[in-house]
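Numbering (full-length UniProt numbering), first residue to last: 1 to 235. Notes for the one structure printed next.
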């Protein structure tokens with residue numbers, strides 16, 4: 001866990017460093033290497049709620065498609081569902097706060113962009129690429145004179161949102177996933193107790209399903225011979 005966290009943090013910093021080498025400050029349209037920040041017309045709780053549910057969507061899809069034992073036969077198609085979840089989260093959250101759904105994604109650009117910050121001049125995050133300043137930032141040089149430089153740019157003042165939101169969303173997704181597994185296990189125990197033929201059917205399906213059967217279409221439940229044998233057993 002800690003090794004994974006440290007690796008992602010280093011990867012985020014390294015990626016931001018590569019951006020620094022590729023894009024000079026005058027060509028960086030965000031002026032902050034794409035750091036996350038809350039847009040001017042949005043409140044902090046809009047971004048926080050969005051990050052919670054955006055991360056919930058991503059983590060829940062990962063758990064159900066790549067971790068759930070019942071999705072093992074369709075595991076090769078998990079990448080499609082996961083990619084779609086990331087795409088949907090970005091479509092909704094980019095105008096609000098640039099879409100983080102991963103604290104380490106927010107940390108690297110925010111840290112490296114400090115090297116090109118001209119205090120007390122404000123910077124423009126991803127959420128303001130349409131020409132609108134971000135929450136806590138200024139829209140004109142005259143307004144910049146009243147900015148407290150010690151408070152840091154807007155993306156650092158709102159950094160807690162892009163840590164707390166994804167962490168809460170991930171925990172919520174794990175809780176719901178575990179609860180669904182427990183409910184499913186309880187339902188299966190109830191079925192085995194009141195329907196003895198169910199156990200024989202499942203045993204036959206497992207027996208006639210090769211371990212290396214490979215991926216099958218979504219919605220299928222195993223090779224044809226396994227289902228045919230189960231049908232004969234029930235009859």
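Ideal Cβ positions, reconstructed from N, Cα and C, are used throughout, including at glycine. On a predicted model such as this, the values are computed, not experimentally measured, just so you know.
Rounded to the nearest angstrom, how far is the Cβ of residue i from that of residue j, given a contact under 8 Å?
i: residue 97; j: residue 16; result: Residue 97 to residue 16, Cβ: 17 Å. No contact.
i: residue 65; j: residue 82; result: 7 Å
i: residue 113; j: residue 32; result: 4 Å
i: residue 99; j: residue 89; result: 6 Å
i: residue 47; j: residue 61; result: About 21 Å separates the two Cβ atoms, so there is no contact after all.
i: residue 169; j: residue 51; result: 7 Å
i: residue 56; j: residue 172; result: 5 Å
i: residue 103; j: residue 156; result: Going by Cβ atoms, the distance from residue 103 to residue 156 rounds to 14 Å, so no, they are not a contact pair.
Closest to residue i by C-alpha separation, out of the options, would be which residue?
i: residue 18; options: 34, 6, 94; result: 34
i: residue 84; options: 58, 99, 40, 5; result: 58
i: residue 54; options: 165, 183, 11; result: 165
i: residue 167; options: 94, 106, 26, 13; result: 106
i: residue 45; options: 161, 178, 60; result: 161
i: residue 95; options: 102, 74, 75, 40; result: 40
i: residue 111; options: 3, 4, 20; result: 20
i: residue 43; options: 186, 14, 93, 5; result: 93
i: residue 178; options: 63, 11, 7, 1; result: 63
Just to confirm the assignment, what range does the alpha helix (DSSP H) spanning residue i have?
i: residue 105; result: 103-113
i: residue 7; result: 2-22
i: residue 46; result: 44-62
i: residue 193; result: 161-194
i: residue 95; result: 78-97
i: residue 34; result: From DSSP, residue 34 is part of no alpha helix (DSSP H); its letter is neither H nor E.
i: residue 157; result: 154-157
Taking 8 Å as the cut-off, is the CB of residue i close to at least one heavy atom of the ligand SAH?
i: residue 56; result: The ligand SAH is absent from the structure shown, which contains no ligand whatsoever.
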